[in-house]
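The structure appears right after this line, and notes come after that.
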Amino acid sequence: MNLNDCVECFMDFYTRHFPLMNRSVLLVRVASGLVATAKLFKTALKARHQLAFAVWMPATIPVNNQLPIMPISSFPAFCLLPSIILPLLFMGFGSTELVAQERPNIVFFFSDDLTTQAISAYQYGLDLPATPNIDRLAHEGMLFENSFCGNSICTPSRATVMTGLHSHKNGIVNLGGVLDPERSTWPKALRSGGYTTAIFGKWHMKTKPTGFDEWAVLSGQGSYYNPDFFFSNGESRRIEGHSTNIVTDLALDWLDRRDTSKPFALMVQHKAPHRNWKPSLRELELYEDIEFSEPPSLFDEYEGRVAAANHKMGIDGHMSLASDLMLLSTQEDLDVISRFTPEQRKAYLAAFEKENAAFLANPPTGKELVRWKYQRYMKNYLRCVAGVDRNVGRVLAELDKAGLSENTIVVYCADQGFYLGEHGWFDKRWAYEESLKMPLIVRWPGKVKPDTRCPAMVQNIDYAPTLLQAAGIATDWDVHGISLMPLLINAGATPKGWRDTIYYRYMDGGHGVAPHSAIRTDDFKLLYFDRPRNEAEEKSRWELFDLKNDPQEMSNLATDTAYAEKLKSMQARFQKTREFYGDTDERIWQRGVGKKYASDKYIRLSNQR
Ligand SMILES: [Ca+2]
């Protein structure tokens with residue numbers, strides 16, 4: 147055995163006994179052990195302290211102060227025994243406190259429908275307000291420019307994030323899906339591996355969260371104001387205030403009284419900025435005098451995109467003046483804020499009073515009405531975003547104050563993207579860029595180079611294996627995702643052989659969005675409409691977009707003869723990708739297919755869900 151073999155042997159020893167310690171720390175430990183060994187030899191030689199030698203090399207050490215001459219690479223392995231023993235002594239063998247210190251904590255921010263266009267660090271060049279706290283994470287960490295979901299809707303995306311599996315393998319294919327409490331998830335694996343875990347906020351998967359030491363979640367969508375929370379100790383109660391602030395309060399309270407003998411994973415999951423957009427009183431009057439610029443496709447006529455034309459998610463035709471936009475003019479309209487306290491009602495009525503009066507005195511029509519709705523929508527959506535950003539800042543400040551920032555991975559993400567007027571829409575669901583993209587920012591001091599932007603294509607199937615690898619815990623179930631660790635630790639450089647295609651499938655059908663599947667490469671995107679709803683959709687089942695030359699996806703090239711070869715190759719790739727992920731059983735995608743669980747496994751009784 148030569149020196150290299152010895153080092154590898156020791157590394158193996160440490161890896162087996164300290165699986166949660168990273169390799170660079172191990173190397174430092176082994177190196178310090180080797181140095182200590184050399185020093186001991188030197189001391190022993192000087193003092194003619196042969197007893198020390200006798201322990202290690204009784205048959206070979208002469209008494210004339212001369213070590214036998216042999217190349218260091220041929221040292222017998224046992225010569226280096228102290229490099230095992232000494233570091234262990236220095237480390238305090240088996241000390242859970244030290245192990246906890248070595249393993250990173252995880253804070254996982256998850257917002258609902260908070261799209262990349264609304265985060266200033268994404269630099270889309272839109273004239274939208276800054277998000278300084280989310281941007282801080284990007285400046286101190288890595289921003290993923292090409293991060294995508296696999297099914298652009300709340301519940302399925304959440305199930306994928308938890309399990310590392312696309313919808314057809316994780317049991318949640320549509321909005322009504324229920325998470326199997328027995329299913330393997332990354333928080334559950336962390337908890338089994340010695341982490342203390344907690345989740346606060348929007349959960350949205352019906353069954354009680356499992357794999358957490360503590361949780362307090364909203365039922366279903368939950369309410370923006372004075373929300374009802376359901377707690378892991380069986381209690382449920384209404385908490386006065388705005389959900390974004392309350393979720394943060396609950397998370398910070400837990401952080402303060404957590405079991406500090408263990409590393410922690412804390413999920414902070416906001417309801418905001420989900421529809422119907424109701425900002426907190428703190429942000430209610432932001433942007434009053436700002437007129438946001440309109441996206442070029444606000445009045446899209448969907449030429450060449452037959453299914454898109456049949457949507458029911460338009461700012462024009464499907465956005466409610468009262469419940470979505472706070473144009474509260476009748477007693478019935480006021481029901482929108484019936485849950486509010488008198489103080490909250492007063493603030494809301496005052497905030498919109500002047501603009502509402504002007505609207506009612508001279509109601510706009512046609513395109514002017516769309517423009518008015520767009521401005522009101524953007525203001526309320528972005529006010530909700532500002533509340534999320536402010537609360538991200540509260541948590542980051544607390545991590546700083548508690549000295550936890552250095553050893554905590556902070557992940558900021560949301561369940562999918564959202565339309566801010568592009569194609570005339572709000573909502574999500576489509577495989578077009580705005581809703582296919584998911585924000586993803588990771589800060590990990592000492593591992594992730596600050597202010598880096600990663601161009602590699604990543605997906606929400608990747609989160610589970612990434613976070614578990616970061617914690618040094620094996621992913622002991624089959625996942626579709628791959629760990630993002632190579633990207634994180636190499637400043638976002640894309641390793642050779644990284645995925646060149648992502649897979650997407652949406653079959654919920656809500657908001658008039660036709661069920662469809664898609665693949666996306668760096669340059670092109672192909673959509674396939676699985677269940678056409680009329681003859682026109684039947685004749686236009688494929689859509690092909692050139693993402694470099696048509697980033698807004700306005701020109702469907704599937705019928706363009708110049709792209710016939712490209713269409714063919716993308717269709718072949720689509721089939722291959724579908725098979726690669728094992729999405730071959732159509733019965734899984736039928737509505738209503740799903741296991742039922744015992745009633746005590748659900749957050750609420752069936753008649754309240
Ligand atoms: Ca969502």
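The sequence shown begins at 147 in the numbering used here and counts up one residue at a time.
Yeah, the Cβ is synthetic: ideal placement off N, Cα and C, and Gly gets one too.
Flag this pair as yes or no: are the beta carbons of residue i and residue j separated by less than 9 Å?
i: Ala411; j: Pro333; result: yes
i: Ala602; j: Thr647; result: no
i: Gln415; j: Gly357; result: no
i: Pro250; j: Asn553; result: yes
i: Val538; j: Leu283; result: yes
i: Ala305; j: Leu325; result: yes
i: Arg428; j: His388; result: yes
i: Phe254; j: Val557; result: yes
i: Thr371; j: Gln521; result: At residue 371 the sequence reads Tyr, which differs from the Thr that was named. No, they are not a contact pair.
i: Gly339; j: Ile587; result: no
i: Lys593; j: Leu633; result: no
i: Ile299; j: Asp654; result: yes
i: Phe675; j: Pro661; result: yes
i: Leu495; j: Leu473; result: no
i: Leu582; j: Tyr650; result: yes
i: Tyr523; j: Gly567; result: yes
i: Ser378; j: Arg750; result: no
What's the gap between the Cα of residue i and the Cα of residue j?
i: Ile613; j: Gly563; result: The sequence given here has Leu at residue 613, not Ile. Distance between the alpha carbons of Leu613 and Gly563: 22 Å.
i: Pro355; j: Ile280; result: 27 Å
i: Leu515; j: Asp462; result: 8 Å
i: Asp573; j: Glu248; result: 42 Å
i: Met584; j: Asp561; result: 7 Å
i: Leu274; j: Ser266; result: 7 Å
i: Cys559; j: Thr262; result: 9 Å
i: Phe505; j: Glu386; result: 32 Å
i: Val534; j: Ser257; result: 8 Å
i: Glu478; j: Ala664; result: 42 Å
i: Phe691; j: Ala704; result: 8 Å
i: Lys642; j: Tyr527; result: 40 Å
i: Thr353; j: Leu713; result: 42 Å
i: Lys458; j: Gly658; result: 5 Å
i: Lys742; j: Lys408; result: 35 Å
i: Pro373; j: Arg384; result: 6 Å
i: Ser303; j: Glu291; result: 18 Å
i: Arg589; j: Asp399; result: 22 Å
i: Tyr748; j: Gly380; result: 11 Å
i: Gly570; j: Glu328; result: 41 Å
i: Thr519; j: Asp622; result: Correcting the residue type first, residue 519 is Lys in the shown sequence and not Thr. One C-alpha to the other measures close to 49 Å.
i: Arg679; j: Ala543; result: 51 Å
i: Asn297; j: His312; result: 8 Å
i: Asp405; j: Thr342; result: 7 Å
i: Arg733; j: Gly740; result: 11 Å
i: Lys694; j: Phe670; result: 8 Å
i: Ser219; j: Ala610; result: Summary for Ser219: the model assigns pLDDT 39, below 50, so the residue's position carries little reliability, and this model does not support an answer.
i: Asn456; j: Glu449; result: 12 Å
i: Ile436; j: His314; result: 44 Å
Take the Cβ of residue i as the centre, count every other Cβ of all protein chains shown within 10 Å, and call the residue buried at 16 or more, exposed below.
i: Pro419; result: buried
i: Met596; result: According to the sequence displayed, residue 596 carries Pro and not Met. The residue in question, Pro596, is exposed, as its Cβ has fewer than 16 Cβ neighbours within 10 Å.
i: Gly323; result: buried
i: Pro222; result: In this prediction, Pro222 has a pLDDT of 45, which is less than 50 and means its spatial position is unreliable; what the coordinates show is noted afterwards. Answer is exposed; the Cβ neighbour count stays below 16.
i: Asp746; result: exposed
i: Gln736; result: exposed
i: Trp644; result: exposed
i: Phe726; result: exposed
i: Asn508; result: exposed
i: Ala744; result: exposed
i: Arg529; result: buried
i: Ser426; result: buried
i: Lys424; result: buried
i: Arg451; result: buried
i: Lys685; result: exposed
Looking at the secondary structure, which residues open and close the alpha helix (DSSP H) in which residue i lies?
i: Gly658; result: It is not in any alpha helix (DSSP H) - Gly658 carries neither H nor E in the DSSP assignment.
i: Lys714; result: Ala710 to Phe726
i: Gly512; result: Gly512 to Lys547
i: Tyr609; result: Tyr609 to Ala616
i: Tyr494; result: Pro488 to Ala507
Mind checking which residues open and close the beta strand (DSSP E) that includes residue i?
i: Leu690; result: Trp688 to Asp692
i: Asn292; result: Met288 to Phe294
i: Val604; result: Thr598 to Gln605
i: Ser257; result: Asn251 to Ser257
i: Tyr558; result: Thr554 to Ala560
Segments assigned beta strand (DSSP E), at least 3 residues, entirely inside the region 391 to 461: 410 to 415
Contiguous alpha helix (DSSP H) assignments of at least 4 residues, all confined to the region 290 to 357: 300 to 309, 313 to 316 and 332 to 338
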